[in-house]
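Participant: Once you've had a glance at the structure underneath, I'll fire off some questions.
In the working numbering, the protein residues as written are 12 to 127.
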């Protein structure tokens with residue numbers, strides 16, 4: 012975790028997530044094998060559909076400007092199993108519960124979804 016949970020400083024849009032999300036560096040390896048993947052075009056579209064303002068913001072990354080979606084890495088699988096198979100629930104704003112359930116169904120994942 013990068014931010015302390017319930018830090019009153021981070022109250023802007025997405026502040027809740029920034030306090031609770033796991034910040035993992037890209038290029039993670041497990042037994043010498045890369046286990047993170049740079050966002051595919053489909054992944055980028057999905058991120059933009061989740062939050063256009065946040066993921067379309069440009070960031071200077073090694074001297075070039077990219078959107079957050081373009082430089083996002085995904086940790087999709089560990090030991091040949093989808094990472095969310097290790098989760099016991101996903102907590103989201105109430106208005107996003109159905110969106111998240113649809114995404115889980117798309118990837119054939121069975122994880123409880125709970126509203127804030």
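Ideal Cβ positions, reconstructed from N, Cα and C, are used throughout, including at glycine.
Considering only C-alpha positions, which residue in the set 113, 70, 36 is nearest to residue 61?
Facilitator: If we check each option's Cα against that of residue 61, 113 comes out closest.
Participant: If the criterion is Cβ atoms closer than 7 Å, does the pair residue 10 and residue 111 meet it?
Facilitator: Nothing about residue 10 can be reported from this structure: the residues present for the chain run from 12 to 127 only.
Participant: Excluding sequence positions up to five away, which residues of its chain have a Cβ less than 8 Å from the Cβ of residue 120?
Facilitator: Answer for residue 120: 93, 95, 96, listed in chain order.
Participant: What's the call for residue 116, buried or exposed, on a 16-neighbour Cβ count within 10 Å?
Facilitator: Counting Cβ neighbours within 10 Å, residue 116 comes out exposed, since fewer than 16 surround it.
Participant: Cβ atoms of residue 63 and residue 80: under 7 Å apart, would you say?
Facilitator: No, they are not a contact pair.
Participant: Provide the residue span of the beta strand (DSSP E) that contains residue 100, from first to last.
Facilitator: Unbroken beta strand (DSSP E) run through residue 100: 100-103.
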